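J.:
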Amino acid sequence: MSARDQLAAVIEKQTGCSKALARDTVATLLEAIIKTTKKESRFSLPGFGTFSVVKRAARKGVNPKTGQPLKIKARKSLRFKAAATLRDL
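Take -18 as the starting number for the sequence shown in my numbering and just add one per residue.
1. Taking the continuous beta strand (DSSP E) assigned at T31, which residues delimit it?
2. With a cut-off of 8 Å, do at least 3 Cβ pairs link the stretch 57 to 66 to the stretch 22 to 33?
3. Can you tell me whether A63 is helix, strand or coil according to DSSP?
4. Helix, strand or coil for L10? Go by DSSP, reduced to three states.
5. Could you tell me the distance, in whole angstroms, from the CA atom of K(-6) to the CA atom of I15?
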């Protein structure tokens, strides 16, 4: 069972809604997180945590198989910082 299906099952059980509605709710939530993070570089869910976009600089690396040096391009990455309620589990 995927994480989406697990989350939808929890929503279905807690609210008594249909399985289809629970799946749509999960899809809508994830879509909102992605769109907001792309647009504003940050999405915060109080009591859960914050998703943020960070820029990673270009750097040099080594191919572990051949030992040859290579260049790693600069890119953006997504970070998640858990809220205090999650850190204290």
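Even for Gly, the Cβ is constructed at its ideal location relative to N, Cα and C. Computed from a prediction, not measured in an experiment: that's the story for all the values here.
T.: Looking at the atomic coordinates:
1. T31 -> beta strand (DSSP E) spans G30 to R37.
2. Segments in contact, yes.
3. Secondary structure of A63 (DSSP, three-state): strand.
4. DSSP, reduced to helix, strand and coil, places L10 within a helical segment of the structure shown.
5. K(-6) and I15: Cα-Cα distance of roughly 26 Å.
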